[in-house]
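Novice: Order-wise, the sequence lines are chains A and B. The first sequence lines up with residues 0 to 146 when you count with numbering that gives the first Met the number 0. The second sequence lines up with residues 0 to 146 when you count with numbering that gives the first Met the number 0. First the structure, which I've put down as structure tokens, then a few questions once you've had a look.
Number of protein chains: 2
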Amino acid sequence: MSTDRKESVAARLNTVSMLGQAYSLLGFQIVNGVVGAGYPQKPKHSAVFAQIEPQGSRLTDLARRANITPQAMGELVDELEELGYVSREPDPSDRRAKLIVLTATGRAAVEAGRLTIAGIEVRITEIIGENGHKTLRRLLTKLLAEA
Amino acid sequence: MSTDRKESVAARLNTVSMLGQAYSLLGFQIVNGVVGAGYPQKPKHSAVFAQIEPQGSRLTDLARRANITPQAMGELVDELEELGYVSREPDPSDRRAKLIVLTATGRAAVEAGRLTIAGIEVRITEIIGENGHKTLRRLLTKLLAEA
DNA sequence: CTTGTCTTTCAGGCAACCTTAGCAATTATG
DNA sequence: CATAATTGCTAAGGTTGCCTGAAAGACAAG
Numbered sequence: 000m001s002t003d004r005k006e007s008v009a010a011r012l013n014t015v016s017m018l019g020q021a022y023s024l025l026g027f028q029i030v031n032g033v034v035g036a037g038y039p040q041k042p043k044h045s046a047v048f049a050q051i052e053p054q055g056s057r058l059t060d061l062a063r064r065a066n067i068t069p070q071a072m073g074e075l076v077d078e079l080e081e082l083g084y085v086s087r088e089p090d091p092s093d094r095r096a097k098l099i100v101l102t103a104t105g106r107a108a109v110e111a112g113r114l115t116i117a118g119i120e121v122r123i124t125e126i127i128g129e130n131g132h133k134t135l136r137r138l139l140t141k142l143l144a145e146a
Numbered sequence: 000m001s002t003d004r005k006e007s008v009a010a011r012l013n014t015v016s017m018l019g020q021a022y023s024l025l026g027f028q029i030v031n032g033v034v035g036a037g038y039p040q041k042p043k044h045s046a047v048f049a050q051i052e053p054q055g056s057r058l059t060d061l062a063r064r065a066n067i068t069p070q071a072m073g074e075l076v077d078e079l080e081e082l083g084y085v086s087r088e089p090d091p092s093d094r095r096a097k098l099i100v101l102t103a104t105g106r107a108a109v110e111a112g113r114l115t116i117a118g119i120e121v122r123i124t125e126i127i128g129e130n131g132h133k134t135l136r137r138l139l140t141k142l143l144a145e146a
């Protein structure tokens, strides 16, 4: 139907859809990158990796920061424990609680994620230029602060 | 912890996260706007409204374009039929098929969506300026075309 | 100690998809 | 032009990713 190159996309999509597509496209690349580096996981697991602290975090803390219920976070942690990325240690300061801590494999997976994201940032810069990337971040920052 | 105003956000978030947050923030506003205008619906329903053609569309077409299975699309259409937005008419050109067509209420809901989106585009322009908005769209277009 | 409050877990539910397995209508083929 | 393959839809049931409710163990305050 549409014979144009990219005008057809730009002309038909509203800005919100474009943001959604860009996010979906690049977000997938993050998970793919980490999985491709040999650390299988699901998208939802990144919520844990993103929040967990070096010395370990409590389940309820992780849940609160990821904005899900402790029960849901418990399931995520079960899965990551199964995969060997985290372990549950007793919290010395409160015997009710357990600390979720990264295993060596877990730390390697986090590092792989960091590298993947860095790579994607580089790719973005290659596509829209250093100035474009800086401008994009500035515009998004302003949008997030005021919308 | 972070005492700065918006630098803390910009400094900590990668570009992909920023895109995700912006999409989530504005996407919600679309649904809220349409629901607020008196057309109750769920976010997933917009997949139908966005794809349906004026003269009606087949279930399988809608499913293919929304990238879900015909069964899942069938459920969406069931719900929208229940809400009075669409009806299933026999397709004169193929007696296996039915055409999903918008009712008068459905057309009004689509129009409400169009107006809501237009309002959000205006709001974006207010926040980042006409030039900023244009630049944002140009950068996103390039990103979508090449990433 | 008793009462109340955390931290975590167990059980069950719901939404939004999916797969599998039909049936009915249409199109292709020997 | 009969029959085989394909297409359009639907019915039934499974999976995923959350949720709420309820309960058990550990701690804090009176």
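From the three backbone atoms N, C-alpha and C, an ideal C-beta is built for every residue, glycine too.
What residues in the region 13–24 of chain B have a beta carbon less than 8 Å from any beta carbon of chain A?
Specialist: N13, T14, V15, M17, L18, G19, Q20, A21, Y22 and L24
Novice: Between which two residues does the alpha helix (DSSP H) harbouring B:S45 extend?
Specialist: Numbered from its first residue, the second sequence carries residue 45 of chain B at position 46. S45 to Q50 is the extent of the alpha helix (DSSP H) around B:S45.
Novice: Along chain A, which residues have their Cβ under 9 Å away from the Cβ of B:G112?
Specialist: Translated into positions along the second sequence, residue 112 of chain B becomes position 113. Near B:G112 there are no residues of chain A at all, since even the closest Cβ is about 10 Å away, more than 9 Å.
Novice: Just the Cα atoms here: how many angstroms apart are A:L25 and B:V15?
Specialist: The count along the first sequence starts at 1 and reaches residue 25 of chain A at position 26. The count along the second sequence starts at 1 and reaches residue 15 of chain B at position 16. Rounded to the nearest angstrom, the two C-alpha atoms are 6 Å apart.
Novice: With a threshold of 8 Å on Cβ separation, who are the neighbours of A:E6 within its own chain once the five nearest residues in sequence on each side are excluded?
Specialist: Translated into positions along the first sequence, residue 6 of chain A becomes position 7. The predicted model places A:E6 with a pLDDT of 42, which falls under 50 and marks its position as unreliable; any figure quoted below should be read in that light. If we look at A:E6 and ignore the five residues flanking it on each side, it has no Cβ neighbours.
Novice: Of all Cβ atoms in chain B, is any one closer than 9 Å to the Cβ of A:K141?
Specialist: Counted from its first residue, the first sequence places residue 141 of chain A at position 142. It does: the Cβ of A:K141 has a partner Cβ on chain B nearer than 9 Å.
Novice: When we look at the beta-carbon of B:K133 and count the other beta-carbons within 10 Å, is it buried (16 or more) or exposed?
Specialist: Residue mapping note: residue 133 of chain B aligns to position 134 of the second sequence, counting from 1. Exposed is the call here.
Novice: With distance defined between alpha-carbon atoms, name the residue in B:L12, B:G32 and B:R11 nearest to B:E120.
Specialist: By 1-based counting over the second sequence, the position of residue 120 of chain B is 121. For the residues B:L12, B:G32 and B:R11, the minimum Cα distance to B:E120 belongs to B:G32.
Novice: Compare the C-beta of B:Q50 against all C-beta atoms of chain A and say whether one is closer than 9 Å.
Specialist: Numbered from its first residue, the second sequence carries residue 50 of chain B at position 51. False, the Cβ-Cβ gap to chain A never drops below 9 Å.
Novice: At the 9 Å Cβ level, is B:I67 part of the contact set with chain A, yes or no?
Specialist: Translated into the one-based positions of the second sequence, residue 67 of chain B becomes position 68. No, its Cβ sits nowhere closer than 9 Å to a Cβ of chain A.
Novice: Of the choices B:I99, B:A107 and B:Y84, whose alpha-carbon is the least far from that of B:P91?
Specialist: Taking the second sequence and counting its residues from 1, the one referred to as residue 91 of chain B is at position 92. Out of B:I99, B:A107 and B:Y84, B:I99 has the C-alpha closest to the C-alpha of B:P91.
Novice: With DSSP as the reference, identify every bridge partner of B:L101, one or two as the case may be.
Specialist: Your numbering for residue 101 of chain B matches position 102 in the second sequence. Paired residue(s): B:V85.
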